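**Student:**
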Amino acid sequence: MKKNFAAKAGSEKELLWQSRFSEPMDERALKFSSSVHIDWRLYKEDIMGSIAHATMLAEEKIISKADAAKITKGLREIEKEIEAGKLDLDWRQEDIHTLIENRLKEKIGDVSGKLHTARSRNDQVATDTRLWMRRTADEIIAALNAMNQTLIDKAEASQKIIVPGYTHLQRAQPILLAHYYLAYLEMFSRDVERFEDALKRINRSPLGAAAFAGSSLPVNRRRTGSLLGFSDILHNSIDAVSDRDTVIEFVSACAVVMMHLSRFAEDVILWTSEEFKFLEISDAFATGSSIMPQKKNPDMAELVRGKTGRVYGDLIALLTMMKGLPMSYNRDMQEDKPPLFDAATTTLDCLHIFDLLVQHTRVREEHLARITANDLSLATELAEYLVRKGVPFRDAHRITGKIVSFSLQHQTALPQISLSDYQTFSPQFDQDVFDVLTPEASVNRKRSEGSTSPQSVAAQLRRHKTKKKSTPPRPLY
Ligand code: ARG
Numbered sequence: 003m004k005k006n007f008a009a010k011a012g013s014e015k016e017l018l019w020q021s022r023f024s025e026p027m028d029e030r031a032l033k034f035s036s037s038v039h040i041d042w043r044l045y046k047e048d049i050m051g052s053i054a055h056a057t058m059l060a061e062e063k064i065i066s067k068a069d070a071a072k073i074t075k076g077l078r079e080i081e082k083e084i085e086a087g088k089l090d091l092d093w094r095q096e097d098i099h100t101l102i103e104n105r106l107k108e109k110i111g112d113v114s115g116k117l118h119t120a121r122s123r124n125d126q127v128a129t130d131t132r133l134w135m136r137r138t139a140d141e142i143i144a145a146l147n148a149m150n151q152t153l154i155d156k157a158e159a160s161q162k163i164i165v166p167g168y169t170h171l172q173r174a175q176p177i178l179l180a181h182y183y184l185a186y187l188e189m190f191s192r193d194v195e196r197f198e199d200a201l202k203r204i205n206r207s208p209l210g211a212a213a214f215a216g217s218s219l220p221v222n223r224r225r226t227g228s229l230l231g232f233s234d235i236l237h238n239s240i241d242a243v244s245d246r247d248t249v250i251e252f253v254s255a256c257a258v259v260m261m262h263l264s265r266f267a268e269d270v271i272l273w274t275s276e277e278f279k280f281l282e283i284s285d286a287f288a289t290g291s292s293i294m295p296q297k298k299n300p301d302m303a304e305l306v307r308g309k310t311g312r313v314y315g316d317l318i319a320l321l322t323m324m325k326g327l328p329m330s331y332n333r334d335m336q337e338d339k340p341p342l343f344d345a346a347t348t349t350l351d352c353l354h355i356f357d358l359l360v361q362h363t364r365v366r367e368e369h370l371a372r373i374t375a376n377d378l379s380l381a382t383e384l385a386e387y388l389v390r391k392g393v394p395f396r397d398a399h400r401i402t403g404k405i406v407s408f409s410l411q412h413q414t415a416l417p418q419i420s421l422s423d424y425q426t427f428s429p430q431f432d433q434d435v436f437d438v439l440t441p442e443a444s445v446n447r448k449r450s451e452g453s454t455s456p457q458s459v460a461a462q463l464r465r466h467k468t469k470k471k472s473t474p475p476r477p478l479y
């Protein structure tokens with residue numbers, strides 16, 4: 003979409019509130035306060051909201067059906083003009099609401115003046131923002147579901163691959179790589195739930211609250227609400243125009259998605275390094291160094307991690323912007339849009355690129371097989387082996403600790419220590435101890451629900467694959 007924010011000489015039009023003033027607004031003040039370069043993104047929602055409003059005004063006989071039809075036709079044409087890049091997004095029009103109304107006046111003349119009956123830009127912008135969040139939340143949910151499908155595919159393909167699992171970034175116990183992917187699948191599934199839950203509160207109509215006190219004209223708020231696909235109206239007109247908690251909730255849900263992505267990105271950055279060598283990113287999603295020819299850098303993952311800070315900043319900007327505002331509407335609230343749009347588009351961009359990045363990574367199975375075979379992370383197996391032979395866990399832990407120290411001292415991996423050496427630590431050790439000292443045995447022996455055992459991983463996969471994805475109906479979109 004072509005966007006031209008420049009203001010042409012002579013493009014001044016009357017601002018919606020001009021008549022009370024005896025001199026025109028100073029150009030510098032207008033430029034400072036204009037939001038067209040930001041809120042043009044609401045054009046579609048603004049037009050939908052206006053069409054619903056005009057329809058209701060005609061139904062309630064506040065304006066004639068013929069006038070409503072003219073208004074609706076004009077608005078639909080303006081939508082096409084904007085989409086074709088034919089309408090300059092002129093900052094002199096103060097905001098997208100004014101710009102559209104002024105254009106409507108050019109097209110249909112004075113009838114356009116009837117559209118704003120029983121409406122203020124305060125309830126208008128609140129309505130537009132909610133409709134925009136609803137549409138964008140649906141897009142983010144779709145991107146999260148796509149990411150989850152990638153994770154299901156990756157998990158399915160890695161049900162036999164064992165990787166070292168970490169706590170404190172120290173090797174802890176072997177796990178199935180599939181189990182690891184499924185952990186992120188759980189996190190992103192909760193992110194979907196978070197947006198779905200936020201949508202319940204976002205999807206309520208402020209339209210008809212007017213400036214903040216309501217209107218003396220017989221508007222039907224429930225009708226505009228249902229025309230726009232809102233599930234309810236906001237029940238207090240002051241609240242309807244003056245709170246931005248749903249914007250904060252939306253951006254907060256974005257921040258949690260970014261936090262999850264950023265941790266995942268950190269893993270990818272570590273795991274693709276020469277120090278780990280667990281994964282390799284395909285060349286198409288890596289970058290090189292202009293000076294060190296051997297380098298293959300995980301820039302996509304680093305940018306996702308870096309952009310997380312921006313989205314956190316958006317959330318803090320909103321919380322801070324709102325914290326001291328007296329009731330009810332204040333112009334400060336126009337500043338909700340840059341952080342909202344930034345958080346939403348950043349989250350969407352990051353979900354898309356990270357999904358591709360995950361799809362385009364290869365597992366370095368040979369290396370993983372080598373490092374997991376003789377790893378000290380099998381020590382927990384030894385302790386649980388002794389428990390099964392009747393040794394209290396505390397004693398088993400102490401005995402195993404001594405064996406680990408022996409292994410380190412003699413530079414002998416746990417499976418290579420002889421049975422007679424094992425028996426010097428505990429008489430309970432027998433030949434079958436060697437059966438548990440493989441990474442496969444370690445994962446296979448897990449019994450608890452949700453564990454890393456192949457059965458549990460298969461059950462987790464089944465659960466996700468049969469889970470129904472909700473797709474809420476969205477009238478008019
Ligand atoms: N551009 C304004 C905003 O985003 C629209 C509402 C203006 N209302 C007003 N009373 N100045 O908040």
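With our numbering, the residue at position 429 of the sequence shown is 431, and numbering never jumps. Note that the Cβ used here is the ideal one computed from N, Cα and C, for glycine as well. Being a predicted model, the structure only gives us computed values, none of them experimental.
Report back the beta-carbon spacing between L350 and I142 to the nearest angstrom; my notes put them in contact at under 8 Å.
**Tutor:** Numbered from 1 along the sequence shown, position 348 holds the residue referred to as residue 350. Numbered from 1 along the sequence shown, position 140 holds the residue referred to as residue 142. Indeed they touch by this definition, with Cβ atoms about 6 Å apart.
**Student:** Between the Cα of T2 and the Cα atoms of S254, D199 and E367, which residue gives the shortest distance?
**Tutor:** Nothing in the structure corresponds to residue 2, since the chain is present only between 3 and 479.
**Student:** Determine the burial state of T169: buried for a count of at least 16 other Cβ atoms within 10 Å of its Cβ, exposed for fewer.
**Tutor:** Taking the sequence shown and counting its residues from 1, one reaches residue 169 at position 167. T169 is exposed by the Cβ-count criterion.
**Student:** Starting from Y168, follow the beta strand (DSSP E) in both directions and report where the run begins and ends.
**Tutor:** Against the sequence shown, residue 168 aligns to sequence position 166. Element bounds for Y168: I164 to T169.
**Student:** Within this structure, are the beta carbons of L178 and V459 separated by less than 8 Å?
**Tutor:** Within the sequence shown, numbered from 1, the residue matching residue 178 stands at position 176. Within the sequence shown, numbered from 1, the residue matching residue 459 stands at position 457. A contact, by the Cβ cut-off of 8 Å.
**Student:** Could you name the residues that DSSP lists as bridge partners for R192?
**Tutor:** Taking the first residue of the sequence shown as position 1, residue 192 is located at position 190. According to DSSP, R192 bridges with nothing at all.
**Student:** From the DSSP output, in three-state form, read off I419 for me.
**Tutor:** Taking the sequence shown and counting its residues from 1, the one referred to as residue 419 is at position 417. Of the three classes helix, strand and coil, the one that applies to I419 here is coil, per DSSP.
**Student:** Compute the Euclidean distance between the alpha carbons of R192 and S254, then round it to the nearest angstrom.
**Tutor:** On the sequence shown, position 190 is the one that residue 192 refers to. On the sequence shown, position 252 is the one that residue 254 refers to. Straight-line Cα distance between these residues: approximately 13 Å.
**Student:** Output the distance between the C-alpha atoms of A346 and H412, rounded to the nearest integer angstrom.
**Tutor:** Residue 346 sits at position 344 when you count from the first residue of the sequence shown. Residue 412 sits at position 410 when you count from the first residue of the sequence shown. Roughly 56 Å separates the two Cα atoms.
**Student:** Under 8 Å, do E47 and D130 count as touching if we go by C-beta distance?
**Tutor:** Start at 1 with the first residue of the sequence shown, and residue 47 comes out as number 45. Start at 1 with the first residue of the sequence shown, and residue 130 comes out as number 128. Cβ distance < 8 Å, so E47 and D130 count as in contact.
**Student:** If I measure Cβ to Cβ from G482 and keep anything under 8 Å in the same chain, skipping five residues before and after, which residues do I get?
**Tutor:** Here the chain comprises residues numbered 3 to 479, so residue 482 is not present and cannot be evaluated.
**Student:** Taking T226 as the reference, give the member of S218, A211 and K109 with the closest Cα.
**Tutor:** The sequence position of residue 226 within the sequence shown is 224, counting from 1. Measuring from the Cα of T226, the nearest candidate turns out to be A211.
**Student:** State yes or no: is the C-beta of Y331 nearer than 7 Å to some heavy atom of ligand 1?
**Tutor:** Locating residue 331 in the sequence shown gives position 329, counting from the first residue. Answer for Y331: yes, Cβ within range of ligand 1.
**Student:** Pull up the distance between the alpha-carbon of R137 and that of A257, whole angstroms please.
**Tutor:** The sequence position of residue 137 within the sequence shown is 135, counting from 1. The sequence position of residue 257 within the sequence shown is 255, counting from 1. So the alpha carbons of these two residues sit roughly 18 Å apart.
**Student:** Whole angstroms is fine: what's the gap from V221's alpha carbon to W42's?
**Tutor:** Indexing the sequence shown from 1 puts residue 221 at position 219. Indexing the sequence shown from 1 puts residue 42 at position 40. Their backbone Cα atoms lie some 27 Å apart in a straight line.
**Student:** Helix, strand or coil for P295, going by three-state DSSP, please let me know.
**Tutor:** For the purposes of this step, residue 295 is taken as residue 293 along the sequence shown, with counting starting at 1. P295 falls in the coil class under three-state DSSP.
**Student:** When DSSP labels each residue in this structure, what does T152 get in the three-state scheme?
**Tutor:** The residue you call residue 152 lines up with position 150 of the sequence shown. In this structure, T152 counts as helix in the three-state DSSP scheme.
**Student:** List in chain order: all unbroken beta strand (DSSP E) runs of 3+ residues lying wholly within the stretch 264–335.
**Tutor:** The qualifying runs are 281–283.
**Student:** Using alpha carbons as the reference points, say which of Q418, P341 and F395 lies closest to L378.
**Tutor:** Numbered from its first residue, the sequence shown carries residue 378 at position 376. Looking at the Cα atoms, Q418 is the closest of the given residues.
**Student:** Straight-line CA distance for Q172 to A144?
**Tutor:** As a first step, residue 172 must be located in the sequence shown, where it is residue number 170. As a first step, residue 144 must be located in the sequence shown, where it is residue number 142. C-alpha separation (whole angstroms): 35 Å.
**Student:** Alpha carbon to alpha carbon, how far is T402 from F436?
**Tutor:** For the purposes of this step, residue 402 is taken as residue 400 along the sequence shown, with counting starting at 1. For the purposes of this step, residue 436 is taken as residue 434 along the sequence shown, with counting starting at 1. When rounded, the distance between both Cα atoms is 14 Å.
**Student:** Considering only the alpha carbon of each residue, which of T374, L370, Y424 and L44 lies closest to E85?
**Tutor:** Numbered from its first residue, the sequence shown carries residue 85 at position 83. The candidate whose alpha carbon is nearest that of E85 is L44.
**Student:** Using a threshold of 8 Å, state whether the C-beta atoms of K103 and L117 are closer than that.
**Tutor:** By 1-based counting over the sequence shown, the position of residue 103 is 101. By 1-based counting over the sequence shown, the position of residue 117 is 115. Note that residue 103 is Glu in the sequence shown, not Lys. Yes, the pair counts as a contact, with Cβ atoms nearer than the cut-off.
**Student:** What residue from R464, L184 and N147 has the CA that sits closest to S160's CA?
**Tutor:** Position 158 of the sequence shown, counted from the start, is the residue given in the question as residue 160. Among R464, L184 and N147, the Cα nearest to that of S160 is on L184.
**Student:** Can you tell me whether Q425 is buried or exposed, with buried defined as 16 or more other CB within 10 angstroms of its CB?
**Tutor:** Here residue 425 corresponds to residue number 423 of the sequence shown, with the count starting at 1. That one is exposed.
**Student:** Hey, how far is the Cα of A415 from the Cα of I163?
**Tutor:** What you label residue 415 is simply residue 413 of the sequence shown in a count that begins at 1. What you label residue 163 is simply residue 161 of the sequence shown in a count that begins at 1. Roughly 21 Å separates the two Cα atoms.
**Student:** Can you pull the DSSP bridge partners for D234?
**Tutor:** In the sequence shown, the residue the question calls residue 234 occupies position 232. Partner(s): R206.
**Student:** Which of the three DSSP states, helix, strand or coil, is assigned to I98?
**Tutor:** On the sequence shown, residue 98 is found 96 positions in, with the first residue counted as 1. I98 falls in the helix class under three-state DSSP.
**Student:** DSSP state of Q433, grouped into three classes?
**Tutor:** Walking along the sequence shown from the start, residue 433 turns up at place 431. In the structure shown, Q433 sits in coil (DSSP, three-state: anything other than H, G, I, E or B).
**Student:** L32 and T119 look like a contact to me (Cβ under 8 Å); what is the Cβ gap, rounded to whole Å?
**Tutor:** Taking the first residue of the sequence shown as 1, we reach residue 32 at position 30. Taking the first residue of the sequence shown as 1, we reach residue 119 at position 117. Wrong, their Cβ atoms sit about 26 Å apart, outside the cutoff.
**Student:** Buried or exposed for S444, please, with buried defined as at least 16 other CB atoms from any protein chain shown within 10 angstroms of its CB.
**Tutor:** Residue 444 sits at position 442 when you count from the first residue of the sequence shown. Classification for S444: buried.
**Student:** Tell me which residues share the same chain as L18 and place their Cβ nearer than 6 Å to its Cβ, disregarding the 5 neighbours each side in the sequence.
**Tutor:** Reading the sequence shown from its first residue, position 16 is the one you call residue 18. Excluding positions up to five away in sequence, the list reads T100.
**Student:** How is V253 classed by DSSP in three states: helix, strand or coil?
**Tutor:** By one-based count along the sequence shown, residue 253 stands at place 251. V253 falls in the helix class under three-state DSSP.
**Student:** Spell out the partners DSSP gives V365 in its beta bridges.
**Tutor:** Taking the sequence shown and counting its residues from 1, the one referred to as residue 365 is at position 363. The partner list for V365 (beta bridge, DSSP) reads L281.
**Student:** Have a look at the DSSP bridge pairing and note the partners of Q126.
**Tutor:** As a working mapping, residue 126 is identified with position 124 in the sequence shown. DSSP, once it has assigned bridges, lists no residue as partnering Q126.
**Student:** Is Y479 helix, strand or coil when you go by DSSP?
**Tutor:** For the purposes of this step, residue 479 is taken as the residue at position 477 of the sequence shown. Per-residue confidence for Y479 stands at a pLDDT of 43, beneath the threshold of 50, marking its modelled position as unreliable; no derived number is given.
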